[in-house]
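Each remark here refers to the structure printed beneath this line.
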């Protein structure tokens, strides 16, 4: 999961923005330690990716999706299990699934989602800018173009409600949209391409997981506007985009994070956790 001439806030004004922050992410390590800690009570084994692994022994991210070379995206999710569960099992998701979500709430979500997708696409364009060869530029560009395709779904829904493109593009950004989108863009400006891709990952991975979860739920209402919207995240086009995003994360982690760099891994986990919290707040 799923960012016009909306009011924009400069990076200098938003570099410090960390709304909805949870408890501090603390860690300690020794020279030869095999663990780092997210809390004093919970020691966590240091992640050691198997770069020789292949698709046959990949770890599953969701009931259908699977990793390729390593389990790095799955590792990131495992280090914020509480936040990830709050995200994919949010009350908003449950009401989308059973068709009981108030239409006004869905309309607000679709309008804010359109604005968010504008910034999300900009962020993947920034990933492409940071790449150094055509193959990698194209890979980031492919995800960016999927955002443009996704935004057309929001646009068509709004047209059906009598909301013009001009009106949609001039929707005022909510605080949740503003905080989340600028957090991602700030990570792209102040950090490297891996920081940025990790901040982008909860949206991309989460919507794929949610789409599949609802599709596989026998109790879900598989008709109406909510189903028409959410089912697109369980279809092959979107799942291919998820896999592209996974592969990008895997490659960047392999290339940019030495196994001995516990502090770097710890920071990436915190970026992913914070972005997941923003996803939760987007639906609150």
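Numbering (the working numbering), first residue to last: 951 to 1234. Ideal Cβ positions, reconstructed from N, Cα and C, are used throughout, including at glycine.
Comparing the C-beta of residue 1027 with each C-beta of chain E, is any distance below 8 Å? No chain E appears in the structure shown, which is made up of a single protein chain.
Are the beta-carbon atoms of residue 933 and residue 1221 separated by less than 8 Å? Any property of residue 933 remains undetermined from this structure, which presents the chain solely from 951 to 1234.
Report the residue from 1028, 1215, 1205, 1229 whose alpha carbon sits nearest the alpha carbon of residue 1081. Selected option, being the one with the closest Cα: 1205.
Do residue 1070 and residue 1097 come within 8 Å of each other at the CB atom, strictly closer than that value? yes
Looking at the secondary structure, which residues open and close the alpha helix (DSSP H) in which residue 1168 lies? Run containing residue 1168: none; DSSP gives neither H nor E here.
Give a yes or no on whether the C-beta atoms belonging to residue 1023 and residue 1151 are separated by under 8 Å. yes
Quick check on the DSSP output: what are the complete alpha helix (DSSP H) runs of length 4 or more inside the segment 1196–1234, in order along the chain? 1212–1233
Simplified DSSP assignment, three categories, for residue 1058: helix
Helix, strand or coil for residue 1177 per DSSP? helix
Using 8 Å for Cβ pairs, my map puts residue 1088 next to residue 1077. What's the rounded Cβ distance? With 8 Å as the limit, residue 1088 and residue 1077 do not qualify as a contact, their Cβ atoms being about 12 Å apart.
Backbone CA spacing between residue 1035 and residue 1126 [nearest angstrom]: 19 Å
Have a look at 1202, 1109, 1138 and flag the residue whose alpha-carbon is nearest the alpha-carbon of residue 1079. Considering only alpha carbons, the answer is 1138.
Just to confirm my understanding: we take residue 1051, look at its own chain, exclude 5 residues before and 5 after, and list those with CB closer than 6 Å. What are they? 1045
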